[in-house]
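Asks:
Numbering (our numbering), first residue to last: 841 to 1239.
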């Protein structure tokens, strides 16, 4: 039916490629492209021979002209960007130049500033609309499914939503003293930034990891959760009717936080360039090179993730609470696609988002976040594609 260009060859890309190949009625042909072509070739070797035709290519996604040339050569119907967030704008520029739909899983951030905002990508709205192409932003899990969950709740269960708490729990154990479950550079930049939550029309900042609660997660048990800033807060604040407060929470073990604090104290989490033996390095990028590759964690990670939204609001004038969430088993994910659950929960929604566009269900010229579309077909595909969801109308609230 369609051709997809997948840019990136890490853990999430591996899931996207597997899932595209599981849906050959939609993804007739794919091209996997990365700066390191050998990684793309390894993925092709694993999955070649099925109904989905697979090509590979080398591309530097920092260079718009290279992406444009690749798009012209392959002729995709959509570009699935699972590269680094720093490369979002160059790839969007290439899609504009070639008239091809675009999808990513995380918002753009500048390389030299740990700043998570949609303003750079939202600035493309008019250009994508005029070009008659769709850009779908943040079609991972959070952001991504978290927004779809909120849109689903808004459509079916609430007249107004007043508060949203997004809870992201990882009960997995990989056995390393310290490792990150996705790109170390992106992960550590996110965690060491100030926390922020949205309340009554404005963002309120908190020192990093200074707000903590304990929550009992289905399938995992009690975990410490910490308030972070996450980009979907910005879009949900605009798109959810009646919203008064949105917060994002993530679990961290004390062991993880102790290691992180020590690394921070000695300057290893800094993104400021420094001179070392006559050459300029960025400490966090050097630390990334020392840490285990997240794509290698799959075979050794055991346990489950639990990610969802606790929502409060009103229906027919009466207060209502609602909790919708997914549990994903690390070992089951690895058994299916060779990646642990963190990559799985991001890669599956990326494929589903692309499917929504290619089927015409979410096809609309402009730049959009997931919660701006009809959530029902996406929710249906989550159940089919390996991320079944559960719901409760009597959840334990955080406050």
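We put the CB at the ideal spot given by N, CA and C, even for glycine.
Go to residue 1167, then tell me how far its beta strand (DSSP E) extends in each direction, as first and last residue.
Replies: First-last of the beta strand (DSSP E) with residue 1167: 1158-1169.
Asks: Kindly indicate which residue of 1210, 946, 1070 and 1017 has the alpha-carbon position closest to the one of residue 1034.
Replies: That would be 1070, whose Cα lies nearest to the Cα of residue 1034.
Asks: May I ask you to report which of helix, strand or coil DSSP gives residue 1180?
Replies: Here residue 1180 sits in coil by DSSP.
Asks: Rank 894, 866 and 921 by C-alpha distance to the C-alpha of residue 848 and give the top, closest one.
Replies: Among 894, 866 and 921, the Cα nearest to that of residue 848 belongs to 921.
Asks: Applying the criterion that 16 or more other CB atoms from any shown protein chain within 10 Å of the CB defines a buried residue, is residue 1056 buried or exposed?
Replies: Classification of residue 1056: exposed, given that the 10 Å Cβ count is below 16.
Asks: Taking the beta strand (DSSP E) that residue 1230 falls in, what are its first and last residues?
Replies: Counting along the chain, the beta strand (DSSP E) containing residue 1230 begins and ends at 1229-1232.
Asks: Just the C-alpha distance for residue 1058 and residue 1146, rounded to the nearest angstrom, thanks.
Replies: Computed Cα separation, rounded: 7 Å.
Asks: According to the neighbour-count rule (16 or more other Cβ atoms, all chains shown, within 10 Å of its Cβ), is residue 1158 buried or exposed?
Replies: Answer is exposed; the Cβ neighbour count stays below 16.
Asks: Please state the DSSP three-state secondary structure of residue 1069.
Replies: It is coil, neither helix nor strand.
Asks: Could you check how far apart the C-beta atoms of residue 856 and residue 998 are, in whole angstroms? I think they sit under 8 Å.
Replies: The Cβ separation is near 32 Å, so there is no contact.
Asks: What is the rounded straight-line gap between the Cα of residue 1084 and the Cα of residue 1001?
Replies: Whole-angstrom Cα-Cα distance: 8 Å.
Asks: Considering only their Cβ atoms, is the gap separating residue 979 from residue 1205 smaller than 7 Å?
Replies: No; because the gap between Cβ atoms is not below 7 Å, this pair is not in contact.
Asks: Taking the alpha carbon of residue 876 as the point to measure from, which residue in 898, 890, 950 and 868 has its own alpha carbon closest?
Replies: Taking only the C-alpha atoms, the option nearest residue 876 is 898.
Asks: Could you please give me the residues that DSSP links to residue 1036 through a beta bridge?
Replies: 1045.
Asks: Please report the distance separating the alpha-carbon of residue 1212 from that of residue 993.
Replies: Taking the straight line from one Cα to the other gives about 13 Å.
Asks: Once the 5 residues before and after residue 943 are set aside, which same chain residues still bring their CB inside 6 Å of it?
Replies: Cβ within range, chain order: 920, 976, 979, 1193 and 1194.
Asks: Does the count of Cβ pairs from the region 1172-1186 and the region 1133-1142 closer than 8 Å reach three?
Replies: Contact between the region 1172-1186 and the region 1133-1142 is present, because at least three Cβ pairs lie under 8 Å.
Asks: Is the beta carbon of residue 1186 less than 7 Å from the beta carbon of residue 1003?
Replies: Contact flag unset, no.
Asks: What does the Cβ neighbour count give for residue 858, buried or exposed, with the cut at 16 atoms within 10 Å?
Replies: Residue 858 is buried by the Cβ-count criterion.
Asks: For residue 892 versus residue 880, is the C-beta distance shorter than 7 Å?
Replies: No, they are not a contact pair.
Asks: With 16 as the cutoff for other CB atoms within 10 Å, does residue 1010 come out buried or exposed?
Replies: When all chains shown are included, residue 1010 counts as buried.
Asks: Rank 1142, 932, 845 and 983 by C-alpha distance to the C-alpha of residue 835 and give the top, closest one.
Replies: This structure leaves residue 835 out entirely; the chain is present only between 841 and 1239.
Asks: With DSSP as the reference, label residue 1102 as helix, strand or coil.
Replies: Residue state, collapsed to three classes: helix.
Asks: Using 10 angstroms around the beta-carbon of residue 1121, count the other beta-carbons present and answer buried if the total reaches 16, otherwise exposed.
Replies: Residue 1121 should be labelled exposed.
Asks: Check this for me: beta carbons of residue 1149 and residue 1006, under 7 Å apart or not?
Replies: Closer than 7 Å, so yes.
Asks: Could you tell me the alpha carbon to alpha carbon distance between residue 1062 and residue 1023, rounded to whole angstroms?
Replies: Distance between the alpha carbons of residue 1062 and residue 1023: 26 Å.
Asks: Which residues in the same chain as residue 1169 place their Cβ atom closer than 6 Å to its Cβ, once the five residues preceding and following it in sequence are excluded?
Replies: Hits under 6 Å: 1144.
Asks: Between residue 918 and residue 991, how many whole angstroms is the CB-CB distance? I'm expecting something under 8 Å.
Replies: Not a contact, Cβ separation roughly 21 Å.
Asks: With a floor of 3 residues, list each beta strand (DSSP E) that falls wholly inside the region 860-907, ordered by position along the chain.
Replies: Listed in chain order, the complete beta strand (DSSP E) runs (minimum 3 residues) inside the region 860-907 are 867-874 and 893-898.
Asks: How big is the Cα-Cα spacing for residue 867 and residue 1184?
Replies: Distance between the alpha carbons of residue 867 and residue 1184 is about 18 Å.
Asks: Ends of the beta strand (DSSP E) at residue 1140?
Replies: Counting along the chain, residue 1140 falls outside any beta strand (DSSP E), and DSSP gives it neither H nor E.
Asks: Using 10 angstroms around the beta-carbon of residue 1087, count the other beta-carbons present and answer buried if the total reaches 16, otherwise exposed.
Replies: Buried, since its Cβ has 16 or more Cβ neighbours within 10 Å.
Asks: List the endpoints of the continuous beta strand (DSSP E) containing residue 932.
Replies: Counting along the chain, residue 932 falls outside any beta strand (DSSP E), though it belongs to the alpha helix (DSSP H) covering 928-938.
Asks: Compute the Euclidean distance between the alpha carbons of residue 968 and residue 936, then round it to the nearest angstrom.
Replies: Their backbone Cα atoms lie some 7 Å apart in a straight line.
Asks: Considering residue 1015, what are the terminal residues of the beta strand (DSSP E) in which it resides?
Replies: No beta strand (DSSP E) contains residue 1015, which DSSP labels as neither H nor E.
Asks: Excluding five sequence neighbours on each side, which residues of the same chain lie with their C-beta closer than 8 Å to the C-beta of residue 983?
Replies: For residue 983, where only same-chain residues beyond five positions count, the Cβ hits under 8 Å are 945, 946, 947, 977, 1070, 1071, 1072, 1075, 1209 and 1210.
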